[in-house]
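Here the structure is laid out as structure tokens; the discussion comes afterwards.
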Amino acid sequence: MLHQEFEPPEELRDTIKCFWYNKRESGEVLSDFEVQPDGYAEIIFHFGGCCSRMHQGGLQPLPSPFMMGLLNQPTIFYSKNRLEIIAIRCYPWTVFDLLGLPSGKGAVHIFEHPIVRLQSILDKLVHAGKIDEAIAEVKQYFMDAWSGVATSSMLFKAGVAMRKANGAMPVSQVAEAAHATVRTLERNFKQSSGYTVKDVSALIRFEQVRNQLWSYPYTNIAGLAHELGYTDQAHLSREFKRYSGTTPGAFARKAKKERPVVSGDFVAFIQS
């Protein structure tokens, strides 16, 4: 599996964390891969092999693009042959405003939007192996979209504070950092993302644990719990299992086995 990440232009850094490209080869037989929760929303373009998910008892082919919202548990996707993805990793409190869509919860959002016009352009570039050019097209699209969006300085300040504290900051302190009352912040945050500050903070903190265990699977879990502001190791373990479906120890053992094969970095997709 090949994974690359690309920095956004400076103008978009309040809105977009990064752009990324991923390529995986599955062969003729349908295979599955797991997407782990984190504190971001992703706009996903895919090319080549099918990309499906299990929905209402059957496989649902997914259009390109679709949006991955905030997850509260791992989600399994299915593909075969070569699957290539170009994605935009957004802060959850900005993604709906950026696209001009109403906010909402859910693992997968299928939507109608002019952004679909990029699909044919990107398909040609990806098929030709011109990934840098494809990323440049996506960057330009979002630069144009960003120029028509009024970004909220309050939500930006709240997001910076939450990220800086690795999700361990109480809502009252997030509101203080955003120069807003708790009530005003919560109302605006939920309106923009579909989630509460507490929801997103918990996912950000889980993401830190997950990334640490993936990169350093021999990390002392009790020490990590203290570092990230959990009450104790049991608290961390409960939260980790809530979002990942497994224990921190089991995830670390999986990381020891798979990380050298997959990549040096956690890229959200792991073999299920």
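Residue 942 is where the sequence shown starts when you use my numbering, and the numbers rise one by one after that.
By construction, the Cβ of each residue, glycine as well, lies at the ideal position given by its N, Cα and C atoms.
Nothing here was measured: the structure is a model prediction, and the numbers come from that model.
Residue i versus residue j: straight-line alpha-carbon distance, rounded
i, j, result
"residue 950", "residue 1080", "8 Å"
"residue 1087", "residue 1010", "20 Å"
"residue 1117", "residue 1095", "10 Å"
"residue 943", "residue 1075", "16 Å"
"residue 1046", "residue 1171", "26 Å"
"residue 994", "residue 1182", "22 Å"
"residue 946", "residue 960", "6 Å"
"residue 1165", "residue 968", "39 Å"
"residue 1065", "residue 1053", "21 Å"
"residue 1098", "residue 1119", "5 Å"
"residue 1174", "residue 1149", "15 Å"
"residue 1191", "residue 974", "17 Å"
"residue 1180", "residue 1147", "7 Å"
"residue 1163", "residue 1107", "17 Å"
"residue 996", "residue 1103", "33 Å"
"residue 1035", "residue 1128", "14 Å"
"residue 1067", "residue 972", "22 Å"
"residue 1004", "residue 1061", "13 Å"
Pair within 8 Å by beta-carbon distance, residue i and residue j
i, j, result
"residue 956", "residue 1063", "no"
"residue 1109", "residue 1169", "yes"
"residue 1072", "residue 962", "yes"
"residue 981", "residue 1000", "no"
"residue 933", "residue 1015", "The requested residue 933 is not part of the displayed model; the chain covers only 942 to 1213."
"residue 926", "residue 1059", "Past the edges of the chain, shown from 942 to 1213, lies residue 926, and the structure says nothing about it."
"residue 1136", "residue 978", "no"
"residue 1139", "residue 1112", "yes"
"residue 1126", "residue 1141", "no"
Span of the beta strand (DSSP E) around residue i
i, result
"residue 982", "982-989"
"residue 1046", "Note, residue 1046: premise wrong, no beta strand (DSSP E); not H, not E."
"residue 1114", "No beta strand (DSSP E) contains residue 1114, which is instead part of the alpha helix (DSSP H) from 1112-1118."
Residue span of the alpha helix (DSSP H) that contains residue i, given as start and end
i, result
"residue 1051", "No alpha helix (DSSP H) contains residue 1051, which DSSP labels as neither H nor E."
"residue 1180", "1174-1185"
"residue 1080", "1072-1087"
"residue 995", "Element bounds for residue 995: not the alpha helix (DSSP H) but the beta strand (DSSP E), 992-996."
"residue 1034", "First-last for residue 1034: undefined, no H or E at that position."
"residue 1167", "1162-1168"
"residue 1123", "1123-1134"
"residue 1152", "1138-1156"
"residue 1067", "1059-1068"
Cβ-Cβ separation, residue j to residue i (assumed contact under 8 Å), whole Å
i, j, result
"residue 1023", "residue 966", "5 Å"
"residue 1188", "residue 1178", "6 Å"
"residue 1083", "residue 1025", "About 19 Å separates the two Cβ atoms, so there is no contact after all."
"residue 1193", "residue 1144", "Not confirmed; about 19 Å, so no contact."
"residue 984", "residue 1048", "Incorrect: roughly 14 Å between the Cβ atoms, too far for contact."
"residue 1021", "residue 990", "5 Å"
"residue 1032", "residue 1105", "Between residue 1105 and residue 1032 the Cβ distance is about 13 Å, and since that is not below 8 Å, they are no contact."
Any non-hydrogen atom of the ligand NAD within 7 Å of residue i CB
i, result
"residue 1005", "Among the ligands in the structure shown, none appear at all, so the ligand NAD cannot be discussed."
Minimum Cβ-Cβ distance from residue i to chain D less than 8 Å
i, result
"residue 1060", "Of the protein chains in this structure there is only one, and it is not chain D."
Three CB pairs or more closer than 8 Å across the region 1149-1159 and the region 1118-1136
no
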